[in-house]
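Trainee: Be aware that the sequence shown starts at 0, since it is given in numbering that gives the first Met the number 0, and climbs by one per residue. Ideal Cβ placement from N, Cα and C applies to all residues, glycine included. Source: prediction; values computed, not measured. Sharing a structure below in structure tokens format, with a few things to ask.
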Amino acid sequence: MTTNEPGWDLYRSFLAVMREGSLSAAARALGMTQPSLGRHVRQLEADLGVALFTRSPLGLTPTENAHELVPHAQAMAAASAALRRAASASNQEIRGVVRLTCSEVVGAEVLPLMLAAFRRQHPGIVIELSLSNQSEDLLRKDADIAVRMLRPAQAALVARRVGGIPLGLHAHRSYLKTYGRPLTVADLQQHALIGFDRETPALRALRSRLPFSREDFALRTDNDLAQLAAIRAGFGIGICQCPIARRDRQLVHLLPDVFALELDTWLVMHEDLRTSRRVRLLYDHLARTLGAYVGGRA
0 MTTNEPGWDL YRSFLAVMRE GSLSAAARAL GMTQPSLGRH VRQLEADLGV ALFTRSPLGL
60 TPTENAHELV PHAQAMAAAS AALRRAASAS NQEIRGVVRL TCSEVVGAEV LPLMLAAFRR
120 QHPGIVIELS LSNQSEDLLR KDADIAVRML RPAQAALVAR RVGGIPLGLH AHRSYLKTYG
180 RPLTVADLQQ HALIGFDRET PALRALRSRL PFSREDFALR TDNDLAQLAA IRAGFGIGIC
240 QCPIARRDRQ LVHLLPDVFA LELDTWLVMH EDLRTSRRVR LLYDHLARTL GAYVGGRA
């Protein structure tokens, strides 16, 4: 095997091909020409001494070596991004970049007003917002701060419980005008229910408190934003965060006395970032504003 040490730009091109599925799509994503990106891939193969793709008229097919390389290259990408954020300002300056990750609904429906208020106070801080229902790895520095619905177990993470976000069954007034209002849980069987397609670990944790199964749903989707949009469109009855529903007078909270859940909410960061002023400012701001949101004061 050759002793050449590949540069990060080669691994970045490799990851783009794996992510996008073709040289042309990867080149567009990186703002490169296709020949240049192809040279990067060939150079990485030469430096590593392994074949990463098989070539055919249909394009590139990743080899087993390529699939094994992906998590290591992703770790390099996360480290590179963390280095750029750390270099964006010194620890005590109120400027630079902070990367925040959270679920889709929290990122799209809950955080924007909070982040706008933070921006007015600290215009020198740039926020990278990553929306995903998959937890990003804070130990690997994929993000600086995370809003999570499960308490992290890793000792190197600083976690603060914000509270429990109340969840409830909701429907749009237009739906209830057409189909009537359920008065009991049994009545729900006569209605169009909105729910999940595949069970997740979080859903399994709530299974004993959910009176529904997949077969009960008239609309099945694992995208929480799609579920919320369907409720707002009058498709049927679904589970929504109560503070979100309270902002919209057209959404009605159903059976609150017999169906109520709480979504445990935590604010998390790596302990190494305690001394970063910009990270700490956003962390403390979110602790206050999310606490007000959970408590019904926002």
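Starting from Val-16, follow its DSSP beta bridges and name the residues at the other end.
Mentor: Along the sequence shown, read from residue 1 onward, the residue named residue 16 stands at position 17. According to DSSP, which records beta bridges pairwise, Val-16 is partnered with nothing at all.
Trainee: With DSSP as the reference, please indicate the residues paired to Trp-265 in a beta bridge.
Mentor: Taking the sequence shown and counting its residues from 1, one reaches residue 265 at position 266. Partner(s): Arg-147 and Arg-160.
Trainee: Locate the alpha helix (DSSP H) running through Glu-44, then write down its first and last residues.
Mentor: Locating residue 44 in the sequence shown gives position 45, counting from the first residue. Unbroken alpha helix (DSSP H) run through Glu-44: 33–47.
Trainee: Just the C-alpha distance for Val-161 and Asp-283, rounded to the nearest angstrom, thanks.
Mentor: By 1-based counting over the sequence shown, the position of residue 161 is 162. By 1-based counting over the sequence shown, the position of residue 283 is 284. Looking at the two C-alpha atoms, the distance is approximately 11 Å.
Trainee: Mind pulling the beta strand (DSSP E) runs of 3 or more residues that sit fully within the region 223–289?
Mentor: Runs of the beta strand (DSSP E) inside the region 223–289: 237–240, 250–253 and 260–269.
Trainee: Short of 8 Å in beta carbon distance, which residues of its chain neighbour Ile-230, apart from the five on each side in sequence? Order them along the chain.
Mentor: If you number the sequence shown from 1, residue 230 lands on position 231. Excluding sequence neighbours, Ile-230 sits near His-169, Ala-170, His-171, Ile-193, Ile-236, Gly-237, Cys-239 and Leu-250.
Trainee: Look up Ala-170 in the DSSP assignment and say whether it is helix, strand or coil.
Mentor: As a working mapping, residue 170 is identified with position 171 in the sequence shown. Here Ala-170 sits in strand by DSSP.
Trainee: Taking a contact to mean a Cβ-Cβ separation below 8 Å, would you say Met-10 touches Leu-43 in this structure?
Mentor: Locating residue 10 in the sequence shown gives position 11, counting from the first residue. Locating residue 43 in the sequence shown gives position 44, counting from the first residue. First, the residue type needs correcting, since residue 10 is Tyr and not Met in the sequence shown. Yes. Within cutoff.
Trainee: Could you give the DSSP three-state label for Met-0: helix, strand or coil?
Mentor: Start at 1 with the first residue of the sequence shown, and residue 0 comes out as number 1. Unreliable placement is indicated for Met-0, whose pLDDT of 43 sits below 50; no coordinate value is reported for it.
Trainee: Measure the alpha-carbon distance for Pro-122 versus Ser-275 and round it to whole angstroms.
Mentor: Here residue 122 is taken as the residue at index 123 of the sequence shown, counted from 1. Here residue 275 is taken as the residue at index 276 of the sequence shown, counted from 1. Between Pro-122 and Ser-275, the C-alpha separation is close to 17 Å.
Trainee: If we call anything under 8 Å between Cβ atoms a contact, is Thr-62 one with Ala-50?
Mentor: Taking the sequence shown and counting its residues from 1, the one referred to as residue 62 is at position 63. Taking the sequence shown and counting its residues from 1, the one referred to as residue 50 is at position 51. Yes, the Cβ-Cβ distance between Thr-62 and Ala-50 is below 8 Å.
Trainee: In the DSSP assignment, what residue or residues form a beta bridge with Leu-130?
Mentor: Taking the first residue of the sequence shown as position 1, residue 130 is located at position 131. Cys-101.
Trainee: In whole angstroms, what is the alpha-carbon distance linking Thr-1 and Val-40?
Mentor: Position 2 of the sequence shown, counted from the first residue, corresponds to residue 1. Position 41 of the sequence shown, counted from the first residue, corresponds to residue 40. Low confidence applies to Thr-1: its pLDDT is 46, below 50, so where it sits in the model is not reliable, and the reading given next is rough at best. Roughly 16 Å separates the two Cα atoms.
Trainee: Name the DSSP beta bridge partners of Val-125, please?
Mentor: Position 126 of the sequence shown holds residue 125. According to DSSP, which records beta bridges pairwise, Val-125 is partnered with Val-96.
Trainee: Closest to Leu-253 by CA distance: which of Gly-179, Tyr-292, Ala-228 and Leu-224 is it?
Mentor: Translated into the one-based positions of the sequence shown, residue 253 becomes position 254. Nearest of Gly-179, Tyr-292, Ala-228 and Leu-224 to Leu-253, Cα basis: Gly-179.
Trainee: I need the straight-line Cα distance from Leu-110 to Asp-271, nearest angstrom please.
Mentor: Locating residue 110 in the sequence shown gives position 111, counting from the first residue. Locating residue 271 in the sequence shown gives position 272, counting from the first residue. In a straight line, the C-alpha of Leu-110 is about 24 Å away from that of Asp-271.
Trainee: Within 10 Å of its beta-carbon, does Ala-26 have 16 or more other beta-carbons around it, so buried, or fewer, so exposed?
Mentor: For the purposes of this step, residue 26 is taken as the residue at position 27 of the sequence shown. That one is buried.
Trainee: Compare the Cα-Cα distances from Leu-47 to each of Glu-4, Ser-21 and Leu-218 and report the closest residue.
Mentor: For this step, residue 47 is matched to residue 48 along the sequence shown. Checking every option, the nearest Cα to that of Leu-47 belongs to Glu-4.
Trainee: Ends of the alpha helix (DSSP H) at Pro-61?
Mentor: Translated into positions along the sequence shown, residue 61 becomes position 62. Premise fails: Pro-61 lies in the beta strand (DSSP E), 58–61, not in any alpha helix (DSSP H).
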